[in-house]
Structure formats: C-alpha cells, structure tokens
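In the numbering used here, the protein residues as written are 25 to 168.
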C-alpha cells in the first residue's frame, strides 16, 4: 500500500477572488512580511519564483518554484523545490491555490502534495492556516 502525505487547507475571505489572488502573490513578492526575506517572480506559466524564508526561530530556507497554473482570481499553482539556505535540496512538492467565489466572498483552498513523510507535511500544515488568514486580511484591505 502506497501512503501519501498530502495536505489541504481552506479559508473563507470576505473579498473578491482577484483581490485574494493579488494578496497571495504580494505576500511572497512585493508586500512581504519579515519572515519572507527575498523574492524574485516571473508571474507566468513556466516562470520561476525564487523565495527565501526565515521563519524564526527555525533556520532559513528557500523555495525554487516553477509556476504551472496562473489564472488571476481562479488559481495559482507551482512546483517547489525546498532547499536549505545553502541550496541543498531537502524535498519537492506541488502547490495549488484556488480562489472559489461564493455568496460571502471567496474560499481559498490550498493543496500541497508530494511530501515524503508525515512530520514534514505536518510542519507545513501547521503554518498554512496562518498564511491564508494573512492573505485574507490583506485581500480585504485591497477591496476596501
């Protein structure tokens, strides 16, 4: 039996799908929090997205992302190679974020697949809800 260690997170936001998409991208690119220490983005399918993180007290790391899905207000997907700060690859995953419109705004849905073990998946699963909440706060400000 093959065991998978995928994760899925959902968060409702009182904002448009387009504002949620823009807030997600900006969180890692132009309007970064302190724990995102660098970013270079080519926002197109096949584009590269280099992101550096330092989520203290954890050690710094980086993600080398290749964008697979870019539809503003609909979805954003990428393959990510997670590396230590020296550039040594730890593992690779695939992330897909969808922005589903609804009566109350937008439901952000994030799935991340390809984890090798439960502990690594759980490390990411512990952080994504807070990230999506922050995206929601920023999206609501964008929509004014």
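Glycine included, every Cβ here is placed at the ideal spot set by N, Cα and C.
- Residue 29 sits away from residue 113, with the two beta carbons spaced by 8 angstroms or more.
- In the DSSP secondary-structure assignment, residue 130 is bridged to 37 and 125.
- Separation of residue 156 and residue 132 (C-alpha to C-alpha, rounded to the nearest whole angstrom) is 7 angstroms.
- CA-CA distance, residue 72 to residue 110, rounds to 19 angstroms.
- Separation of residue 137 and residue 158 (C-alpha to C-alpha, rounded to the nearest whole angstrom) is 22 angstroms.
- DSSP places residue 144 in the helix class (H, G or I) of the three-state scheme.
- Contact check for residue 48 and residue 100: beta-carbon distance about 6 angstroms, within the 8 angstroms limit, so the pair qualifies.
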